[in-house]
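Working notes for the structure below.
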Amino acid sequence: MRRFPTLPRLAAAPPRAVEEAIRVGGLAGAKAKAILSALGRLNEERGGYTLDFLADMPLAEARAHLTSFPGVGVKTANVVLLFSFRREAFPVDTHVLRVAKRLGLVPQNATLARAALLVEPHVPAGEHAPLHLNMIRLGREICRPRNPRHDECPLLPVCPEGKRSVKPPMSMDGQVPRRGQDGRVPRRSGRPGAAKPGRRERPPGTPRP
Ligand code: SF4
869 MRRFPTLPRL AAAPPRAVEE AIRVGGLAGA KAKAILSALG RLNEERGGYT LDFLADMPLA
929 EARAHLTSFP GVGVKTANVV LLFSFRREAF PVDTHVLRVA KRLGLVPQNA TLARAALLVE
989 PHVPAGEHAP LHLNMIRLGR EICRPRNPRH DECPLLPVCP EGKRSVKPPM SMDGQVPRRG
1049 QDGRVPRRSG RPGAAKPGRR ERPPGTPRP
C-alpha cells in the first residue's frame, strides 16, 4: 500500500516493481502478472478499478465473473464475496476440506471447489463466515492432518471418522465397553476388583459374617 497507494498507480506500475512488493508471499512473478492483468481488464470493461458491480449480481454469476480472471479460483472468489461483499459464499481451504471430509459432509474425493459448492447451500443465513473461521480453527488446533485430537473434539459425537478412530480400551474381562451417547468411551472408575458401590469391603483376616 505504501508503494502503490491507489489502484491506478498499481495498474500503471512495471511488473518487476509489483513482483518486488509482494515477493514475501511467494509465487510473486505469477501473482504480479495476474494482478496487473485483472486491473487492466477491469479498467477496459468497466472503465475503472472497482468490483462494486458484484454486489448486485446473483451469487453464482458473481463467482463465475471472479473465477474468469486468471489465477482466481473458487476459494479466492468466495473469500472476496464473503468478506468484502457479505455474500453467502463459503470458502473452503485445505483445513476446511479435511474437516468436512472427516465429518462426512463431502465425498472423500471432493476438491476445494466442489466441497465449497456442496456445503454452501446448507449453511444457515449469516453463518457462512463463523462456520468458515471455526472450521479453520478446528482444523489447525484439533482436527490436524496428523494425530487429530478426536478425544478433545466437540464434534466427536457426530463424526464418523472420529468414532472409527477412537479405539475403546479392552476391559479386564475381554469385553469392549459400550460408548456413551456422546461417542466417547466412559472412563472406568476404581481399580480392578474394587468393591461395588453400596457393598462394604471386609477387612483382610476377618471371618465372613
Ligand atoms: S472427531 Fe476427530 S476426525 Fe472428527 S472432526 Fe473431530 S478431530 Fe476431526
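Per the working numbering, the sequence shown starts with residue 869, numbered consecutively. By construction, the Cβ of each residue, glycine as well, lies at the ideal position given by its N, Cα and C atoms. These numbers come from a predicted model, not from an experiment.
| Asked | Found |
| --- | --- |
| Alpha-carbon to alpha-carbon, S952 and P827 | Because the chain here runs from 869 to 1077, residue 827 falls outside it and cannot be looked at. |
| Short Cβ contact (7 Å threshold) for G1030 with H1018 | yes |
| Distance between N946 and R931 (C-alpha atoms, nearest Å) | 7 Å |
| Own chain partners of A879 with C-beta closer than 6 Å, once the 5 adjacent residues on each side are dropped | L907 |
| Opening and closing residue of the alpha helix (DSSP H) in which H990 lies | First-last for H990: undefined, no H or E at that position. |
| Under 7 Å, CB to nearest heavy atom of the ligand SF4: contacting residues | V967, R970, L971, L1006, I1010, C1011, P1016, R1017, H1018, C1021, L1023, L1024, C1027, E1029, G1030 and S1033 |
| Expected contact under 8 Å - CB spacing of L910 and Y917 to nearest Å | 6 Å |
| Proximal residues to E956 (C-beta, below 6 Å), its chain only, five neighbours per side dropped | H996 |
| is_contact[A902, chain C] using C-beta, thresh 7 Å | Protein chain content of the structure displayed is limited to a single chain, and chain C is not contained in it. |
| Local conformation of D1019 per DSSP, three classes | helix |
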